[in-house]
Amino acid sequence: EPIPEPITELQTEPEPQTVTVPEPPPIPEPPLDEFEMTVPMGEDSEIIAARSVEDIARRHRVPQKAINQIKTALVEACINASEHSLSPDRKIHLRFAVEPGRMTITVRNRGVRLVDKQQPSPDDHARRGWGLRLMKGLMDDVRIQPVEDGSCIVMSKAFTPE
-16 EPIPEPITEL QTEPEPQTVT VPEPPPIPEP PLDEFEMTVP MGEDSEIIAA RSVEDIARRH
44 RVPQKAINQI KTALVEACIN ASEHSLSPDR KIHLRFAVEP GRMTITVRNR GVRLVDKQQP
104 SPDDHARRGW GLRLMKGLMD DVRIQPVEDG SCIVMSKAFT PE
């Protein structure tokens, strides 16, 4: 048998190449659910709005305590819009937006802007202003946003789904 020739070079495995794999795109948040409706002022329309927001909240597994707080704040905002706006079209425009862990309610109407309203007299102060205080007590965030032709209240409530 022939004798193998001596190995003069050390044979090595080829070095693995580094492959850069692009990072996967971030997983998007679940889509935002939005519901919009317009109700006439008066005629207990705030009750229809409250029932609608309750149905939407239940669909998103909002706890009952939070639902009750949201409904009460919404009813108060609708009553305030009806009583104080002097709206020419007598309509309240509502938007309910749900994202993971938060529900945001927008109540908008045409008419007198809240930012333009005269400050109440000292006698009125004891009787007035409870609605906004109530809304702020029930919701996590309440903002009055000036709009050109009326008022807009944006309220939000955080929740942990049931």
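Position 60 (the sequence shown) corresponds to 43 in our numbering; numbering is contiguous. C-beta atoms are modelled at their ideal positions from N, C-alpha and C, and glycine is treated no differently.
Among the options, the one whose alpha carbon lies nearest that of residue i
| i | options | result |
| --- | --- | --- |
| P71 | G94, E37, I127, L115 | G94 |
| A32 | K74, P144, R126 | K74 |
| G84 | A40, R34, E6 | A40 |
| L121 | L57, L15, G133 | L57 |
| L117 | E131, T55, S68, S134 | T55 |
| S65 | R44, V22, V81, Q47 | V22 |
Alpha carbon of residue i to alpha carbon of residue j, nearest angstrom
| i | j | result |
| --- | --- | --- |
| F142 | S28 | 26 Å |
| T89 | M138 | 6 Å |
| A60 | R42 | 23 Å |
| I30 | P9 | 41 Å |
| V125 | L77 | 15 Å |
| E148 | I50 | In the structure as shown, the chain begins at -16 and stops at 145. Residue 148 is therefore absent and cannot be evaluated. |
Simplified DSSP assignment, three categories, for residue i
| i | result |
| --- | --- |
| H43 | coil |
| D124 | strand |
| R78 | strand |
| E19 | strand |
| S70 | coil |
Residue i - partner residues in DSSP beta bridges
| i | result |
| --- | --- |
| T87 | A80, S139 |
| R116 | For R116, which the question treats as bridged, DSSP gives no partner whatsoever. |
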